[in-house]
Amino acid sequence: IDVNKPDPELEPIRLGILSVFAAAFHVSQPLVVPSFSFAWFELVSHRHFLPNLLLAEGQKGWNTAHQLLIDYLLFLEPHMKIGEMTPPVKKLYEGTLRVFLVLLHDFPSFLAGYHLSFCNVIPPNCVQLRNLILSANPKGMNPPDPFTPNLKIDLLPEIDQSPVILSNVLGPIESFRGHLDAFLKDGQRRDFLSALPTVLVKERTNEIDAPKVNSLVLYVGIHALARLQSSQISLSRTPEMEVLQKLMDFDDKGRYLCLNAIANQLRYPSSHTHYFSCVMLYLFSESKNVAVKEQVTRVLLERLILHRPHPWGLLITFIELIKNQRYGFWNYPFTRCATEIEKVFEQVAKSVLSPQSSSISAGGGE
């Protein structure tokens, strides 16, 4: 007898049964019972549990699956932050990559919808895991090859469409959202702009709160797109761009987190990807601080030097940056500061450029 065989009589209560198991997994999560973490993750990712949750009619199991994966990543986060993982944590991380690779292949819309909350609990140094999540395209979408010569990004039909966001964008910024909305309305509340760095730090510390920054960047982008669609205003002359430029006033560590938050929106073809690609290129070209240009390059490059997959929007942005002469990318000393760095740039340039290809138009902050 195959006890795992689907039974039509049990179909109406299938999600209920899965939810009971999910509740049990939630209360016994690795943060509560660390010694159970290996078995816990094996049970949660089992082919008869996680896929069935995600296949439930009307996506009714998605929120539950998302919560369990967040439980797991919250447990791993402090261990992954350290440069050197212990052997047990390394095994867990390898298993995590495999599970998320399966999700990328079988349930890409799930990963794409919850990209923000997943990125909130993945440390900046776990670039490959973040790339897996950000490379997810909604089911049925086949983005054009980013290496296509003369590819006109702004003419793609998907560029006018907003992506589906299932994560809670407002939660992390609720404490200052009223002041933010007042500033974005007309750009007159200058006191908010000057106080912005202080509201983005964790309580009683000077450490930047990454989820706040991630939500702020996405929220500001959504506002900017609504403004740009309703009027023919320039990208650079908006309160939203003032907020994003203000984030560049942080120190190196804080600015790195802010640029990562922008890079997290460089995904599949959509209005968000196009806007944030233009923002990244604008910050590079208009900043008078060479450190900003260097960090923009670092954030893009460290995501590209790893094995595939690479997010589509990330490739588009980097190709535009190094090919379009208006940015003068190769003229900056940080591209030649050391022989090793120079070789990395050459290898990446060879992999994303061909002598015959022409410049790619990504809107470049115009």
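For our numbering, add 775 to where a residue sits in the sequence shown, where the first one is 1. Think of the CB as a built atom: it goes at the ideal place given N, C-alpha and C, for glycine as much as any other residue.
Report the three-state DSSP secondary structure of V896 (helix, strand or coil). coil
Quick check: E933 and P1014, are their CB atoms within less than 8 Å of each other? no
Drop a sphere of 10 angstroms on the beta-carbon of I776, count the other beta-carbons inside from all chains shown, and report buried for 16 or more, exposed for fewer. In this prediction, I776 has a pLDDT of 45, which is less than 50 and means its spatial position is unreliable; nothing more can be read from the coordinates.
I'd like to confirm something about H1049: is its beta-carbon nearer than 7 Å to some heavy atom of the ligand NAD, or not? By its list of ligands, the structure shown contains no ligand whatsoever, and the ligand NAD lies outside what it can speak to.
Could you have a look at K927 and say whether DSSP puts it in helix, strand or coil? strand
Could you tell me whether the segment 912-925 touches the segment 867-874, using the rule of 3 or more Cβ pairs below 8 Å? no
Does the segment 1076-1090 come into contact with the segment 1118-1126, if we say contact requires no fewer than three beta-carbon pairs (one atom in each stretch) closer than 8 Å? yes
Under a CB-based cut-off of 8 Å, is F958 close to chain B? The chain inventory of the structure shown lacks chain B, comprising one protein chain alone.
My output table needs one value for I940: the three-state DSSP class, helix, strand or coil. coil
Measuring only the C-alpha atoms, how far is V992 from H821? 35 Å
With a CB to CB cut of under 6 Å and the five nearest residues on each side skipped, what residues in its chain are close to N1039? C894
Looking only at its own chain, which residues have a Cβ that is under 6 Å from the Cβ of L941, when we skip the five neighbours before and after it? G888 and Y889
E832 versus F813, Q804, E786 and P853, residue with shortest Cα-Cα distance: E786
Give the straight-line distance between the Cα atoms of H801 and L849, rounded to the nearest whole angstrom. 12 Å
Would you call the segment 1080-1094 and the segment 910-920 in contact, with 3 or more CB pairs under 8 Å? yes
Put I983 into one of helix, strand or coil per three-state DSSP. strand
Compare the beta carbon distance of L1000 and S1060 with 8 Å and say whether it is the shorter of the two. no
For V976, which three-state DSSP category applies? strand
Pull up the CB-CB distance for L828 and T839, whole angstroms please, since I reckon it's below 8 Å. 6 Å
Rounded to whole angstroms, how far is the Cβ of L891 from the Cβ of V944, which I believe are closer than 8 Å? 6 Å
Determine whether the beta carbon atoms of F951 and V974 lie at a separation below 8 Å. yes
On the CB-based measure, 16 or more other CB atoms within 10 Å of its CB, does Q1004 come out buried or exposed? exposed
With S1062 and M1023 assumed to form a contact (beta carbons below 8 Å), what rounded beta-carbon distance in angstroms separates them? 6 Å
Pick out whichever of I845, L843 and Y868 has its Cα sitting closest to the Cα of H854. Y868
Counting only runs that start and end within the segment 1002-1033, where is the alpha helix (DSSP H) found for 4 or more residues in a row? 1014-1021
Is S808 helix, strand or coil when you go by DSSP? In the sequence on display, residue 808 carries Val and not Ser. V808: coil per DSSP, three-state reduction.
State the Cα-Cα distance for the pair L1019 and I1116, rounded to the nearest angstrom. 28 Å
Considering only the alpha carbon of each residue, which of P899, V939 and R905 lies closest to R1083? R905
Can you tell me whether DSSP reads N912 as helix, strand or coil? coil
Tell me whether D1027 is buried or exposed, calling it buried when 16 or more other Cβ atoms sit within 10 Å of its Cβ. exposed
Whole angstroms are fine: how far does the CA of F811 sit from the CA of K1021? 44 Å
Grouping DSSP H, G and I as helix and E and B as strand, with all else coil, what is R822? coil
DSSP state of Q1070, grouped into three classes? helix
Given this structure, state the Cα-to-Cα distance separating A1036 from Y1057, to the nearest angstrom. 15 Å
Report all residues from its chain with a CB closer than 7 Å to the CB of V1071; omit the five preceding and five following residues, and keep chain order. L1034, M1055, L1058 and F1059
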